[in-house]
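Novice: In the working numbering, the protein residues as written are 152 to 264.
Structure incoming, see below.
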C-alpha cells in the first residue's frame, strides 16, 4: 500500500513539476526571514533538479510568511531544525519570492528517523 502511494506521488511530481528542486531527506541548516516577510530555508545539501532561475542559494527553498502557507512552512522548518528531523520537499520551478536567486517552496514534510 505504501509503495503504491509513493509511486503515485512520484508520478504526480514528475508530471507536474518537471525540473523543480527536490529535497530528499536533507537536514535544515538555517531558516531566514526578513522584514518584508520573505524567507528561505537552507539545507545541508544542494537541491536535486533545481529550477533554472536559481543563481544563488542552490541548497534553499523560499516562502512568504505573509501567507498562511508561508507561516506553515516556517513552523514546519523550525520544528525540523529543532528535532534534527529529515525534510522532503519540492520546489515550484520558479523563483517568486527571490527572483533569480532562490527557488520557491511547493510542498513538503518532515520525518524523524
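Don't be surprised by glycine CBs; every beta carbon is placed ideally from N, CA and C.
Beta carbon of residue 116, beta carbon of residue 261: below 8 Å?
Specialist: Nothing about residue 116 can be read from this structure; the chain reaches only from 152 to 264.
Novice: Under the three-state reduction of DSSP, which class applies to residue 168: helix, strand or coil?
Specialist: Its pLDDT being 49, under 50, residue 168 is placed unreliably in this model, and the coordinates cannot settle the point.
Novice: Bridge partners for residue 242 per DSSP, in chain order?
Specialist: Per DSSP, 256.
Novice: Check whether the Cβ atoms of residue 183 and residue 177 lie closer than 8 Å to each other.
Specialist: Cβ atoms of residue 183 and residue 177: not closer than 8 Å.
Novice: Quick check: the Cα distance between residue 196 and residue 233, rounded to an integer number of angstroms?
Specialist: Straight-line Cα distance between these residues: approximately 18 Å.
Novice: Between residue 175 and residue 213, how many whole angstroms is the CB-CB distance? I'm expecting something under 8 Å.
Specialist: Not really, about 19 Å apart at Cβ, beyond 8 Å.
Novice: Let me confirm a value: residue 255 is counted as buried when at least 16 other C-beta atoms fall within 10 Å, else exposed. Which label applies?
Specialist: Flag for residue 255 reads buried.
Novice: Rounding to the nearest angstrom, what Cα-Cα distance links residue 240 and residue 230 in this structure?
Specialist: Each residue's Cα considered, the two are about 15 Å apart.
Novice: Please classify residue 201 as buried or exposed, where buried requires at least 16 other C-beta atoms within 10 Å of its C-beta.
Specialist: Flag for residue 201 reads buried.
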